[in-house]
Amino acid sequence: MTKILITGGAGFIGSRLSSDLLAEGFSVRILDQLSTQIHGSLPIGLDWLESPDVEFIRASVLDREVLARCVQGVTTIVHLAAETGTGQSMYDIASYNNVNSQGTALLLDVLASTPNHSVNRIILASSRSIYGEGAYFCSSCKARQFPGSRLAAQLSSHQWDPLCPSCSISLTPVPTRECDPASPASIYAATKYAQEHLIRIVCHSLGIDYAILRFQNVYGEGQSLKNPYTGILSIFSTRIRRGLDLPIFEDGLETRDFVHVADVSRAVVACIISSECISNVLNVGSGQATSVYSVAQQLNVALGREAPLRVTAEYRLGDIRHNFADISRIKKLIPEFPLVSLSEGLTRFAKWIYDQPLPEDGLDRANQELRARNLMS
Numbered sequence: 027m028t029k030i031l032i033t034g035g036a037g038f039i040g041s042r043l044s045s046d047l048l049a050e051g052f053s054v055r056i057l058d059q060l061s062t063q064i065h066g067s068l069p070i071g072l073d074w075l076e077s078p079d080v081e082f083i084r085a086s087v088l089d090r091e092v093l094a095r096c097v098q099g100v101t102t103i104v105h106l107a108a109e110t111g112t113g114q115s116m117y118d119i120a121s122y123n124n125v126n127s128q129g130t131a132l133l134l135d136v137l138a139s140t141p142n143h144s145v146n147r148i149i150l151a152s153s154r155s156i157y158g159e160g161a162y163f164c165s166s167c168k169a170r171q172f173p174g175s176r177l178a179a180q181l182s183s184h185q186w187d188p189l190c191p192s193c194s195i196s197l198t199p200v201p202t203r204e205c206d207p208a209s210p211a212s213i214y215a216a217t218k219y220a221q222e223h224l225i226r227i228v229c230h231s232l233g234i235d236y237a238i239l240r241f242q243n244v245y246g247e248g249q250s251l252k253n254p255y256t257g258i259l260s261i262f263s264t265r266i267r268r269g270l271d272l273p274i275f276e277d278g279l280e281t282r283d284f285v286h287v288a289d290v291s292r293a294v295v296a297c298i299i300s301s302e303c304i305s306n307v308l309n310v311g312s313g314q315a316t317s318v319y320s321v322a323q324q325l326n327v328a329l330g331r332e333a334p335l336r337v338t339a340e341y342r343l344g345d346i347r348h349n350f351a352d353i354s355r356i357k358k359l360i361p362e363f364p365l366v367s368l369s370e371g372l373t374r375f376a377k378w379i380y381d382q383p384l385p386e387d388g389l390d391r392a393n394q395e396l397r398a399r400n401l402m403s
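Be aware that the sequence shown starts at 27, since it is given in my numbering, and climbs by one per residue.
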């Protein structure tokens, strides 16, 4: 039976991927330290790790000795292990760099030092955040433009939308392609981009095929409801269930590309079973832009509630305004991609939510930490 190593495999995406791989007849080896921020101090809901086809190793991706054991006997590595969250990365810099960049370097160093390994493909979970503001079109210049990160002065004056770097007029967001320039606007994004470079260079050197998947905003059943730093739908769902309002940054018209975890897992599985060499970057998203205000409204409907939406005009440094993916490449691998619409995905998410314990709301605490460090206003 073919065995797949999934680092960070007990998390949101990893747990769904493991289930799908087991259904496909694979066995999986999970390496995960069960972070308290994601799983809570007493992790629950992980009974599936006791399956006879699942080998679970609780350890950090920074443990070289454990990594050396983990790579033995596997054909594919799905590298999900990472610190996540844009805002938190801006002040927990060393930790993000250590886990994301150094953890990836250590994994690759172990492979380079293990001549008898059987790994022939590595799949990296990267992020749409590496694009920064991504792609726009200027009607005056008649060209695609790639504005830089929005500055604090722009945000404080509520100039939310980036302007053309050539002629300074308003821009229209367009789908961002994998070949478009990267412009990380946060430490998290910078570490994900560093991971990409490490994977590409080392895999080329070692003759290992790779797939770098730039995930958009992943949501769905199984995502952590305990982490107040990432996952807008999980954060909003907790506040809705607690009868609280939904504070929406900027003017609420900032957009994101929401992709259901089932489609994300489908993309990873397709890369695992592909008989063709990939060695490329692929966007994994819906290809559709949805405003934060709109998705909050839709989540209210899905949960059958009417939580007040409060547009705050607050902002976080490092956040982007718009970004949605050109998904032409992933559709060549999976022509019907994606299968789960936002409406269907929110319905499934809402049904799952009501079967979960009601978590504490940590959003105010997380925002206070950002304000104290002058990263939010």
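Every residue, glycine too, gets a C-beta built ideally from N, C-alpha and C. Every value quoted in this text rests on a predicted model; they were computed, and no experiment measured them.
For residue j and residue i, the rounded distance between their alpha carbons
i	j	result
residue 49	residue 42	11 Å
residue 242	residue 214	14 Å
residue 387	residue 369	25 Å
residue 308	residue 31	21 Å
residue 97	residue 135	11 Å
residue 67	residue 384	Low per-residue confidence applies at residue 67: pLDDT is 46, beneath 50, and the placement is therefore not dependable, though the value from the model is reported in the following sentence. Each residue's alpha carbon lies about 16 Å from the other.
residue 408	residue 355	Here the chain has residues from 27 to 403 only, and residue 408 is not among them.
residue 121	residue 109	8 Å
residue 360	residue 400	43 Å
residue 39	residue 396	27 Å
residue 208	residue 130	19 Å
residue 389	residue 165	39 Å
residue 56	residue 82	5 Å
residue 264	residue 186	27 Å
residue 118	residue 218	15 Å
residue 126	residue 148	15 Å
residue 302	residue 235	10 Å
residue 29	residue 78	12 Å
residue 294	residue 271	36 Å
residue 47	residue 181	44 Å
residue 106	residue 225	13 Å
residue 339	residue 103	42 Å
residue 244	residue 332	24 Å
residue 197	residue 305	33 Å
residue 228	residue 299	22 Å
residue 312	residue 398	35 Å
residue 194	residue 222	32 Å
residue 80	residue 124	27 Å
residue 45	residue 314	27 Å
residue 347	residue 200	12 Å
Residue range of the unbroken alpha helix (DSSP H) whose run includes residue i
i	result
residue 297	287-299
residue 277	Run containing residue 277: none; DSSP gives neither H nor E here.
residue 375	368-379
residue 96	90-96
residue 102	From DSSP, residue 102 is part of no alpha helix (DSSP H) but of the beta strand (DSSP E) over 102-105.
residue 357	354-359
residue 218	213-232
residue 196	Taken as a continuous stretch (DSSP letters only), residue 196 belongs to no alpha helix (DSSP H), as it is neither H nor E.
Residue from the options with nearest C-alpha to residue i
i	options	result
residue 326	53, 299 and 379	379
residue 192	171, 177 and 149	171
residue 36	161, 294 and 84	84
residue 350	397, 296 and 285	285
residue 267	288, 227 and 329	329
residue 381	218, 251 and 224	251
residue 277	260, 306 and 341	341
residue 210	116, 294 and 296	116
residue 394	113, 101, 93 and 79	113
residue 128	89, 163, 322 and 94	89
residue 158	296, 202 and 305	202
residue 289	60, 371, 181 and 392	371
residue 260	377, 76, 95 and 60	377
residue 452	324, 169 and 275	Within the shown structure, residues of the chain are numbered from 27 to 403, placing residue 452 beyond reach of any answer.
residue 206	101, 403, 155 and 391	155
8 Å contact criterion, which residue i and residue j should meet: CB distance rounded
i	j	result
residue 12	residue 282	Nothing about residue 12 can be read from this structure; the chain reaches only from 27 to 403.
residue 375	residue 247	6 Å
residue 178	residue 239	Contact flag wrong, Cβ pair sits at about 32 Å.
residue 232	residue 138	6 Å
residue 33	residue 87	5 Å
residue 322	residue 335	5 Å
residue 169	residue 140	Contact doesn't hold; Cβ gap of about 48 Å is too wide.
N- and C-terminal bounds of the beta strand (DSSP E) containing residue i
i	result
residue 399	That residue, residue 399, is in no beta strand (DSSP E); it is neither H nor E in DSSP.
residue 235	235-241
residue 337	335-337
residue 309	306-310
residue 414	Past the edges of the chain, shown from 27 to 403, lies residue 414, and the structure says nothing about it.
residue 171	169-171
residue 251	From DSSP, residue 251 is part of no beta strand (DSSP E); its letter is neither H nor E.
Proximity test, residue i beta-carbon vs the ligand ZN heavy atom, cut-off 7 Å
i	result
residue 333	The model depicted lacks the ligand ZN and carries no ligand whatsoever.
Test: residue i CB closer than 8 Å to a CB of chain C
i	result
residue 297	Annotation note: the requested chain C is absent from the structure, which comprises a single protein chain.
Q) Is the region 162-176 touching the region 252-267 in the sense that three or more CB pairs, one from each, lie closer than 8 Å? A) no
(Q) Under 8 Å, with one C-beta from each stretch per pair, do the region 133-145 and the region 72-86 reach the 3-pair mark? (A) no
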